Structures are given as structure tokens and as C-alpha cells.
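Student: Mind looking over this structure? Questions follow.
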């Protein structure tokens with residue numbers, strides 16, 4: 001990040017949207033003006049002022065919160081914002097449509113950046129176009145700092161670090177289990193899904209990104225032994241129960257492989273990772289895994305076919321800007337467990353990490369995760385050899401993020417797997 005003096009430590013860009021408002025609420029609830037010079041950013045000054053008034057009324061420590069106004073498509077306004085802050089934390093999607101000018105502005109200003117994107121076609125474009133420029137500028141561009149993909153990516157990093165420290169060798173396999181989860185869906189999330197499938201229907205690079213398990217790895221390193229996401233029900237050898245494909249695997253697995261590559265392959269070039277949904281043992285588990293697989297297949301087919309995709313967008317999905325209710329956010333929860341398997345000189349071992357929260361994963365917990373990722377960047381709490389580039393949470397921030405998440409109330413644990421638990 002540039003050492004030039006900045007007016008703000010952190011700008012929440014898109015602060016009046018569903019996710020942006022939750023991030024702003026989290027930051028102003030947890031921190032004071034002595035901890036953080038915060039600004040609220042967006043295109044509608046009236047709505048930003050209304051949000052500022054609400055936050056100031058709710059938080060006695062905050063007498064005022066500066067406002068920065070710009071437009072996601074106006075590079076000049078974005079340049080001014082990026083030059084005035086140390087970190088931009090953005091929730092404005094779909095990122096394929098609205099994200100690129102802000103990334104360009106942050107790199108130009110040497111400003112750190114984090115977002116919530118799960119649009120891997122766009123992340124691939126940012127890697128190919130801007131990674132080297134971000135390295136030269138010393139700008140950390142950290143994508144996927146929400147439920148996509150912090151629990152899977154950081155959870156895998158914790159497992160591998162524990163394995164190396166305790167057993168002297170990394171795990172050759174990591175399996176990510178999307179266990180308990182309950183939460184709402186916003187219009188912005190569904191708009192991002194529509195954009196991803198729309199791009200894949202017309203853009204050969206986007207199609208290749210979805211097909212290649214290593215598509216987010218650095219250029220020249222986009223192949224390997226990992227076959228990619230599970231596509232059928234499977235009896236899991238580690239846990240002895242049936243599993244179904246995970247709808248998040250297409251994003252999270254690629255992010256994890258990029259983390260390994262960016263860090264210099266500390267987990268080995270033959271490292272494999274798979275994300276699944278555990279269902280249960282026996283015939284009941286097999287039937288449940290088959291049903292989940294069939295449902296995911298139908299949803300994917302609907303989004304992949306143009307007419308049904310547009311019908312879902314118009315008549316089924318919520319509009320952008322709409323999201324879960326406060327009650328739905330507060331009553332949500334999730335657990336993501338990672339099991340890492342390896343072999344030490346004295347025999348095989350399994351390491352376990354668990355990341356979870358008692359809030360909606362896509363909004364309540366995601367606001368915590370994105371806000372704390374931004375705080376790590378703003379406070380230079382970084383455990384990474386990388387000083388710039390298009391990065392992942394594990395490679396660009398690392399273990400300090402786990403510490404911050406614990407302090408906000410998320411469960412973040414790692415240790416040797418107790419098979420009897």
C-alpha cells in the first residue's frame with residue numbers, strides 16, 4: 001500500500017446496500033473513531049446521509065461519519081476516493097458489471113481493496129489483467145472475503161499450518177464440509193449468479209474458467225492432478241458418510257488452489273481439495289445425497305439455459321437491493337469444517353478446522369468477515385510474504401484474520417481430528 005497520507009483508513013463502498021449497511025453497522029458497533037477513520041461511500045448522497053444519521057444515533061462514540069460520493073462507472077470519482085483512503089471495502093455487485101473501474105482506481109492509487117465476489121470469471125479477468133500491476137503498486141486486491149471464500153480458504157490454511165507445525169509436513173488432501181447452514185438470499189447475490197452463467201454462455205474464457213479446476217492459478221500453472229469438484233453423490237472415505245456436491249465448490253476450491261500457488265506451493269503441487277455437503281450414512285444418506293445432487297443439477301441447468309435464466313431473474317429472484325430481513329439474518333447460522341489428511345514419518349494423520357457463526361452466513365456473518373478483512377488491511381495486520389497482487393484471504397492476509405474473527409464471536413478452531421467426537 002502507498003505510504004502517502006490518506007484522509008480515511010477505510011471506505012465502505014456501497015454502504016447503503018444490504019451487505020454494505022451490515023458492514024458499516026459492524027464496524028461502527030465494534031470500533032470507535034479512535035480505532036478507525038471510517039467513511040461511507042456510494043452514489044446517492046441522500047441515502048448515505050440517512051445511513052450516517054442512523055449509525056450516529058445508534059453509536060454514542062460516533063458523532064459523525066464522513067461521506068464520499070461517486071459512481072461505480074465513473075473512473076474519475078473512483079480515483080478521488082481511492083486516493084483518499086488506505087483501504088476500499090466494496091459490496092457493490094455484480095462485480096462483472098461494476099467492479100473493474102474500482103480495482104483499476106485502487107491499483108493506480110496503491111490502495112488496498114477487499115470484496116465479496118464469487119464471480120470467478122471476473123476474478124480470472126482481474127488476475128490476468130491486473131495482478132502484475134498490483135504487485136508493482138504494492139496494492140493488495142483481496143477478492144472473496146465473505147462466506148465465499150473465507151471459511152474454506154482460511155480453514156484450509158489453518159489446517160495446513162497446524163499440520164506443518166505439528167507433523168512436519170502438509171496435508172496432501174483437504175476436504176471442506178459445508179455442514180449446518182441457514183440464511184437468506186439477496187437480489188445482489190442472485191444477480192451475481194445470473195451474470196456468471198450469462199458470461200459462460202457467451203465468453204469462451206468464462207466457460208474455461210468454470211471447467212478448469214486451476215483456472216485462478218497464475219498463468220502457466222493452470223493444470224495439475226486435482227480433478228475438481230465432486231459432481232455425483234459419494235460415500236466419503238474420511239467421515240464414512242454420503243456427501244453431495246457443494247454449490248460453493250466452484251468458487252472455493254479454485255480460491256484455495258490459488259492460495260497454494262501464490263504462497264509458493266507450501267502444500268505441494270499435488271495437493272487436492274474438494275468441497276462437499278455431508279448428508280449421512282447408509283441408505284438414508286445415499287438417498288439424501290442423491291436428492292441434493294439432483295436439485296443442484298436442476299438449478300445449474302436452469303441458470304445455464306438462457307430463457308429459464310432470464311425467467312428466474314425476472315419472476316423468481318429478488319431484485320438487486322432486496323435482501324433477507326433482520327430476523328432472518330439474526331436467526332441464521334453456519335459451520336464449515338475442513339479435514340486435512342497427510343502422512344508423517346510415523347504414520348498418517350488428520351487435522352480439523354472449524355469456522356462457524358450464529359448469524360446468517362451470506363449477510364450477518366459475511367459482514368463480520370469482510371469488515372475484519374478490511375481492518376486487517378487497514379491496520380497492516382498481515383501474515384503474508386506478498387505485498388501486492390490479486391490475492392486471496394489466506395494468501396493476502398493469513399492468520400491475523402482468524403484472530404480478528406475469533407474476537408468478533410465467530411468460532412475459529414484448529415487441531416488434530418478427534419474421530420470419536
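In full-length UniProt numbering, the protein residues as written are 1 to 421. Heads up, the beta-carbon is just placed ideally off N, CA and C, and yes, glycines get one too. For clarity, every value in this text was computed on a predicted model and none was experimentally measured.
Under the rule that 16 or more other beta-carbon atoms within 10 Å means buried, what is residue 293, buried or exposed?
Tutor: By the C-beta density criterion, residue 293 is buried, having at least 16 other C-beta atoms within 10 angstroms.
Student: Starting from residue 167 and walking both ways along the alpha helix (DSSP H), at which residues does that stretch end?
Tutor: 150-167
Student: Can you tell me whether residue 161 is buried or exposed? The criterion is at least 16 other CB atoms within 10 Å of its CB, across all chains shown.
Tutor: buried
Student: From which residue to which residue does the alpha helix (DSSP H) around residue 20 run?
Tutor: Run containing residue 20: 18-30, per the alpha helix (DSSP H) assignment.
Student: Report the rounded CA-to-CA distance for residue 422 versus residue 168, giving the unit in angstroms.
Tutor: The chain is shown from 1 up to 421; residue 422 falls before or after that span and cannot be answered.
Student: Could you compute how far the alpha carbon of residue 146 sits from the alpha carbon of residue 110?
Tutor: 23 Å
Student: State the DSSP-derived secondary structure class of residue 114, mapped to helix, strand or coil.
Tutor: strand
Student: If residue 81 and residue 99 are in contact, beta carbons under 8 Å, what's the gap, nearest whole angstrom?
Tutor: Not quite, the Cβ-Cβ distance comes to about 14 Å (not below 8 Å), so this is no contact.
Student: For residue 200 and residue 309, I'd like the C-alpha separation in whole angstroms.
Tutor: 12 Å
Student: Taking the C-alpha atoms as reference points, what is the distance between residue 297 and residue 91?
Tutor: 28 Å
Student: Look at residue 363 and residue 22 and say whether their C-beta atoms are less than 7 Å apart.
Tutor: Yes, the pair counts as a contact, with Cβ atoms nearer than the cut-off.
Student: Can you find at least 3 beta carbon pairs, one from the segment 343-356 and one from the segment 115-129, that sit closer than 8 Å?
Tutor: A contact is defined here as three or more CB-CB pairs under 8 Å, and the segment 343-356 fails this definition with respect to the segment 115-129.
Student: By the 10 Å Cβ neighbour count, where 16 or more other Cβ atoms means buried, how is residue 34 classified, buried or exposed?
Tutor: exposed
Student: With respect to the alpha helix (DSSP H) encompassing residue 212, which residues constitute its N-terminal and C-terminal limits?
Tutor: Taken as a continuous stretch (DSSP letters only), residue 212 belongs to no alpha helix (DSSP H), as it is neither H nor E.
Student: Can you give me the C-alpha to C-alpha distance between residue 329 and residue 359, rounded to a whole angstrom?
Tutor: 6 Å
Student: Report back the beta-carbon spacing between residue 441 and residue 88 to the nearest angstrom; my notes put them in contact at under 8 Å.
Tutor: In the structure as shown, the chain begins at 1 and stops at 421. Residue 441 is therefore absent and cannot be evaluated.
Student: With DSSP collapsed to three states, give me the class of residue 353.
Tutor: Looking at residue 353 - three-state DSSP - the assignment turns out to be strand.
Student: Applying the criterion that 16 or more other CB atoms from any shown protein chain within 10 Å of the CB defines a buried residue, is residue 388 buried or exposed?
Tutor: buried
Student: For residue 245, list the residues DSSP reports as bridge partners.
Tutor: 276
Student: Using only the alpha-carbon positions, how far apart do residue 42 and residue 77 sit?
Tutor: 11 Å
Student: Hey, how far is the Cα of residue 204 from the Cα of residue 153?
Tutor: 27 Å
Student: List the endpoints of the continuous alpha helix (DSSP H) containing residue 55.
Tutor: 45-58
Student: My understanding is that residue 196 touches residue 119, with C-beta atoms under 8 Å, so please give their C-beta distance in whole angstroms.
Tutor: 5 Å
Student: Label residue 272 either buried or exposed according to how many other C-beta atoms from any shown protein chain fall within 10 Å of its C-beta, with 16 as the threshold for buried.
Tutor: buried
Student: So, is residue 315 buried or exposed, given that buried needs 16 or more other C-beta atoms within 10 angstroms?
Tutor: exposed
Student: Which residue's Cα is closest to the Cα of residue 398: 319, 407 and 376?
Tutor: Selected option, being the one with the closest Cα: 376.
Student: For residue 361, which residues of its own chain have a beta-carbon under 7 Å away from its beta-carbon, when the five flanking residues on both sides are left out?
Tutor: Closer than 7 Å at Cβ, skipping near neighbours: 147, 181, 183, 332 and 334.
Student: With H, G and I counted as helix, E and B as strand and the rest as coil, what does DSSP make of residue 102?
Tutor: helix
Student: Beta strand (DSSP E) containing residue 41: first to last residue?
Tutor: Per DSSP, residue 41 belongs to the beta strand (DSSP E) from 38-42.
Student: Could you check what DSSP says for residue 128 in three-state terms: helix, strand or coil?
Tutor: In the structure shown, residue 128 sits in a helix (DSSP, three-state: H, G or I).
Student: Does residue 230 pass the burial test, meaning 16 or more other C-beta atoms within 10 Å, or should it be called exposed?
Tutor: buried
Student: Less than 8 Å between C-beta atoms, sequence neighbours within five positions excluded: which residues of the same chain meet that for residue 288?
Tutor: Sequence-distant partners of residue 288 (beyond 5 residues in either direction) whose C-beta falls short of 8 Å from its own C-beta, in its chain, are 242, 244, 279 and 280.
Student: Quick one: grab the DSSP three-state call for residue 315.
Tutor: helix
Student: Starting from residue 181, trace the beta strand (DSSP E) in both directions and tell me its first and last residue.
Tutor: 173-182
Student: Can you give me the start and stop residues for the beta strand (DSSP E) that residue 342 sits inside?
Tutor: 333-344
Student: Given residue 247, which residues of its chain have a CB within under 7 Å of its CB, disregarding the five upstream and five downstream residues?
Tutor: 296
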